[in-house]
């Protein structure tokens, strides 16, 4: 049984609405992703497998329904860099019962900051 | 000006209630803390400074009002280990305008899982 | 041009023998691998892509000729854990000119410690 | 007993000279430090405690005799950033019996790269 399906787990979330729960789990996953993978050596050779691997590791997190990770920025032939937060463009879908939150992590130039925010919440 | 006080920043959060916003920021901070510091070498000698340092680094995150970090578990004289999630007991206070969320990260034995959850939300 | 082929880079290593250089670069890569990826969510579903992704990211590091990563330990259906150091079994081949060092990271039960060591150095 | 003083531990290093052993342990510690702490939120408020905390955590690593960490770069009032490799200036002293290696991690502008290298090895 997945962790989020267990009664003990659920008992800790009775004080939240489904929307609150969805954005809470989404926040955890975005914070986790950023701080787990920033610093990873990345080049043209491993960019794609790193994107897929980040997606698959984050799908383990509670309530993550889908995720897409794109590593943006100009990587040069024969060079590698440490992954930076500003290179991450992440779209995350979190589902709690019938409530679905769509979240985003991307670099906002005006803020010079990799921002995590909620794009939309649907009650299906 | 702190990032969360900027108008551009605020414009991304108009679609959330204050409660949703507070638990979202709290989730980010707990996920970030866990995945940034798990793996750090820790012993009786550096446990306390590591606790304080984790607290101070996380106070930089948007809307974090207060945080206490305790590293639990039996550390033995002259030995060190890599910090594990189950060793973290974190109390986090997040404030968005007059709304204050109290969050927690701690190991739940029944689940064999370091759980992140919301203890309480106050509207002051 | 790869970083390790640049004259400025090479100028910093004139004080080391080829063997010393090989084990130095090997040590960096093992320390980097451990502290970058410990904490990553892993389950039966993403174990293999995570292994491949760690290998490919570490191949970017200077002088890494080959690497194999195996994530060991009993993962259970529908559960995930945070990657721990003791779950890593890594074989690393580092080449500096004609000198090849074979390094290893694996959990040593007698020490209760994930040990990094040098298995062999060949001068070809 | 510290891990590096145990016979089982020592038995894995019989194939290395003291110099090789010192630079191997030094490489591990520099790679570990970089990949553990890159990404940490840092501002004028927590820079100093973070420097001290990194030092104290790395003193746990085998054979680390002394270490100094300086976080360089212009941090602005009321702003924080994620720690980047290029902001690290680290001096590390590793001792194996009578052999002492002095290592360094610092950003080299000509290479646009945070370089880890060995400054000197003394046989005392």
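Chains as they are written, first to last, in the UniProt record's numbering: chain L, 1 to 124; chain X, 1 to 124; chain D, 1 to 124; chain U, 1 to 124. C-beta: ideal position from N, C-alpha, C; glycine also. No experiment lies behind these values; they were computed from the predicted model shown.
| query | Mapping DSSP to helix, strand and coil, what is residue 86 of chain L? | reply | The three-state reading of DSSP puts residue 86 of chain L in helix, counting H, G and I together.
| field | Residues, ordered as in the chain, of the region 53-72 of chain U that lie near chain L by beta-carbon distance below 8 Å | value | Contacts with chain L (Cβ-Cβ distance below 8 Å) from the region 53-72 of chain U involve no residue at all.
| Nearest-angstrom Cα distance between residue 92 of chain U and residue 19 of chain D? | Cα-Cα distance, rounded: 21 Å.
| field | Residue of D:47, D:11, D:61 and D:75 minimising C-alpha distance to residue 95 of chain D | value | Distances from the CA of residue 95 of chain D to each of D:47, D:11, D:61 and D:75 were compared; the closest alpha carbon is that of D:61.
| query | Straight-line CA distance for residue 54 of chain X to residue 72 of chain L? | reply | The alpha-carbon atoms of residue 54 of chain X and residue 72 of chain L are separated by roughly 29 Å.
| said: Cβ closer than 7 Å: which chain D residues qualify as neighbours of residue 118 of chain U? | reply: By Cβ distance, chain D contributes 15, 16 and 24.
| request: In the DSSP assignment, find the unbroken alpha helix (DSSP H) run with residue 7 of chain X in it and report its ends. | output: Run containing residue 7 of chain X: 7-11, per the alpha helix (DSSP H) assignment.
| field | beta strand (DSSP E) segments (min. 3 residues) lying fully within the region 27-86 of chain L | value | Entirely contained in the region 27-86 of chain L, the beta strand (DSSP E) runs reaching 3 residues are, in chain order, 64-71.
| message | I'd like to know whether the C-beta of residue 80 of chain L is nearer than 8 Å to at least one C-beta of chain D. | response | Judged by the 8 Å Cβ criterion, residue 80 of chain L is in contact with chain D.
| query | Any C-beta of chain C sitting closer than 8 Å to the C-beta of residue 45 of chain L? | reply | The structure shown has no chain C; the protein chains it does contain are L, X, D and U.
| field | Contacts around residue 99 of chain L, its chain only, beta-carbon distance under 8 Å, and the 5 residues preceding and following it disregarded | value | Contacts found: 18, 19, 21, 22, 121, 122, 123 and 124.
| request: Mind the definition here: the region 37-48 of chain X touches the region 6-14 of chain X only if three or more C-beta pairs lie below 8 Å; say whether that holds. | output: The region 37-48 of chain X vs the region 6-14 of chain X: no contact.
| said: Does any residue of chain L have a CB that is nearer than 8 Å to the CB of residue 99 of chain X? | reply: It does not: the Cβ of residue 99 of chain X has no partner Cβ on chain L nearer than 8 Å.
| said: According to DSSP, is residue 110 of chain X part of a helix, a strand, or is it coil? | reply: Looking at residue 110 of chain X - three-state DSSP - the assignment turns out to be helix.
| request: Give me the Cα-Cα distance between residue 107 of chain D and residue 15 of chain X, rounded to the nearest whole angstrom. | output: Their backbone Cα atoms lie some 49 Å apart in a straight line.
| request: Could you work out which residues of chain X lie near residue 76 of chain L, taking near to mean beta carbons separated by less than 7 Å? | output: By Cβ distance, chain X contributes nothing, its closest Cβ being about 28 Å from residue 76 of chain L, past 7 Å.
| request: To the nearest angstrom, report how far apart residue 68 of chain U and residue 59 of chain U are at their CA atoms. | output: Looking at the two C-alpha atoms, the distance is approximately 10 Å.
| query | Can you tell me whether DSSP reads residue 18 of chain D as helix, strand or coil? | reply | Looking at residue 18 of chain D - three-state DSSP - the assignment turns out to be helix.
| query | residue 118 of chain X: which of X:2, X:29 and X:13 sits nearest, CA to CA? | reply | In terms of Cα proximity to residue 118 of chain X, the closest of X:2, X:29 and X:13 is X:29.
| request: Using a cut-off of 7 Å between C-beta atoms, extract the partners of residue 113 of chain L located in chain X. | output: Within chain X, the residues near residue 113 of chain L are 3.
| Burial state of residue 57 of chain X, where buried means 16 or more other Cβ atoms lie within 10 Å | Residue 57 of chain X is buried by the Cβ-count criterion.
| said: Against residue 28 of chain D, what residues of chain U qualify as contacts under a CB-to-CB distance less than 8 Å, listed in chain order? | reply: Those are 27, 28, 30, 31 and 116, listed as they occur along chain U.
| task | Could you tell me whether any Cβ in chain L is nearer than 8 Å to the Cβ of residue 8 of chain D? | result | Not one chain L Cβ lies under 8 Å of residue 8 of chain D.
| task | Using a Cβ-Cβ cut-off of 8 Å, state whether residue 110 of chain X counts as contacting chain L. | result | Interface residue, yes.
| task | Starting from the C-beta of residue 90 of chain U, find all residues in its chain whose C-beta is less than 6 Å away, skip the five residues before and the five after it, and write them out in chain order. | result | 69 and 105, listed in sequence order.
| Helix or strand or just coil, what does DSSP make of residue 25 of chain X? | Three-state DSSP puts residue 25 of chain X in a helix.
| query | Do we get a CB-CB distance below 8 Å when we pair residue 19 of chain D with the residues of chain U? | reply | It does; some Cβ of chain U falls within 8 Å.
| With distances taken between CB atoms, is the gap from residue 27 of chain X to residue 85 of chain L smaller than 8 Å? | No, the Cβ-Cβ distance between residue 27 of chain X and residue 85 of chain L is not below 8 Å.
| If we count the other Cβ atoms within 10 Å of its Cβ and call it buried at 16 or more, is residue 103 of chain L buried or exposed? | So residue 103 of chain L counts as buried.
| Considering only C-alpha positions, which residue in the set X:109, X:87, X:11 and X:75 is nearest to residue 33 of chain X? | Comparing alpha carbon positions, the residue from X:109, X:87, X:11 and X:75 closest to residue 33 of chain X is X:87.
| said: Out of U:74, U:45, U:46 and U:50, which one is the CA nearest neighbour of residue 46 of chain X? | reply: Of the candidates U:74, U:45, U:46 and U:50, the one whose C-alpha sits nearest the C-alpha of residue 46 of chain X is U:50.
| query | Do residue 66 of chain U and residue 1 of chain X have their C-beta atoms closer together than 8 Å? | reply | Cβ distance not < 8 Å, so residue 66 of chain U and residue 1 of chain X don't count as in contact.
| query | Taking only beta-carbon atoms, is residue 12 of chain U less than 8 Å away from chain D? | reply | Yes, residue 12 of chain U counts as interfacial toward chain D.
| task | Please check if any C-beta of chain X sits within less than 8 Å of the C-beta of residue 85 of chain U. | result | With its beta carbon at least 8 Å from every one in chain X, residue 85 of chain U lies outside the interface.
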